[in-house]
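For reference, the structure discussed in these notes is given below.
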Amino acid sequence: MTFQFTNNHTIQLDTLLYIASNSKHIQNERKKLFFLLFSILLILGFLFLFFDFAIGTIFLLISCVALVIFPKFYSYAYAKSCSKMVTLNNLRNKESFETTFEIQVDSNYILIKNKWVESKHQLAHISFISETANYFFVYLKTDSFLIFPKEQTADYQALKLYFEDICQRESIPFKQELDWRWQ
Numbered sequence: 068m069t070f071q072f073t074n075n076h077t078i079q080l081d082t083l084l085y086i087a088s089n090s091k092h093i094q095n096e097r098k099k100l101f102f103l104l105f106s107i108l109l110i111l112g113f114l115f116l117f118f119d120f121a122i123g124t125i126f127l128l129i130s131c132v133a134l135v136i137f138p139k140f141y142s143y144a145y146a147k148s149c150s151k152m153v154t155l156n157n158l159r160n161k162e163s164f165e166t167t168f169e170i171q172v173d174s175n176y177i178l179i180k181n182k183w184v185e186s187k188h189q190l191a192h193i194s195f196i197s198e199t200a201n202y203f204f205v206y207l208k209t210d211s212f213l214i215f216p217k218e219q220t221a222d223y224q225a226l227k228l229y230f231e232d233i234c235q236r237e238s239i240p241f242k243q244e245l246d247w248r249w250q
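Mapped onto this note's numbering, the consecutive letters of the sequence shown carry residue numbers 68 to 250.
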């Protein structure tokens with residue numbers, strides 16, 4: 068089975084956010100930052116309580132609101148940072164930004180090529196495959212990944228059957244996260 072897709076800003080951004088949402092390191096950093104913010108606000112709130120009860124109470128109430136808002140703000144800031152990174156990277160590499168990739172899937176390998184490079188990935192090197200509402204992500208054992216956007220695939224059901232078949236045949240985990248979205 069052979070098909071083509073064109074890389075763009077949305078694909079790159081969604082990929083970075085999906086990888087970040089599944090990264091244990093980034094999840095741990097998020098928890099540490101939340102705990103640090105919570106600790107600082109709590110300590111300052113109690114210090115204010117000792118000096119002036121009214122100001123301390125107001126500070127603790129504002130701190131509670133800030134702690135409720137923080138996860139949404141952090142998600143927004145992280146997405147904006149990733150978007151800037153993708154944009155800057157694309158400005159540096161204008162020629163390769165909207166590159167069209169030709170992908171050929173076979174019973175033993177996945178071949179990806181464009182006008183600059185060609186890579187062949189053996190199925191034994193696949194760690195797991197994940198399906199979201201818009202993409203298939205193929206994680207390789209080298210800590211890299213392949214992206215297959217559904218919207219640019221003519222027959223994504225055939226591609227899904229191919230992935231399910233190789234997962235069953237090669238004992239590769241297949242994750243369905245159809246309700247995934249960055250949060």
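Cβ atoms here follow ideal geometry from the backbone N, Cα and C, with glycine treated the same way. Owing to the predicted nature of the structure, the values given are computational and were not obtained by experimental measurement.
Residue range of the unbroken alpha helix (DSSP H) whose run includes residue i
i	result
Ser88	76–88
Leu100	91–118
Ile233	223–237
Cutoff 8 angstroms; reference residue i; Cβ partners in own chain excluding five residues on either side
i	result
Thr73	Glu165, Thr166, Thr167, Phe168, Gln219
Close beta carbons around residue i, own chain, < 6 angstroms, minus the five adjacent residues each side
i	result
Ile177	His188
Thr199	Glu244, Trp247
Asn181	Thr166, Phe168
7 angstroms Cβ shell around residue i - same chain, five flanking residues per side excluded
i	result
Phe105	Leu134
Phe115	Ile122, Gly123, Phe126
Contact with chain B by residue i, beta-carbon distance below 8 angstroms
i	result
Asn156	Any reference to chain B falls outside this structure, which holds one protein chain only.
Where the beta strand (DSSP E) containing residue i begins and where it ends
i	result
Glu169	167–172
Glu244	241–244
His188	185–189
Asn69	Reading the sequence as shown, one finds Thr at residue 69 and not Asn. Counting along the chain, the beta strand (DSSP E) containing Thr69 begins and ends at 69–73.
Glu198	193–199
Counted within 10 angstroms of its Cβ, other Cβ atoms place residue i as buried (16 or more) or exposed
i	result
Ile136	exposed
Ser197	buried
Phe203	buried
Bridge partner(s) assigned by DSSP for residue i
i	result
Ile177	Val172, His188
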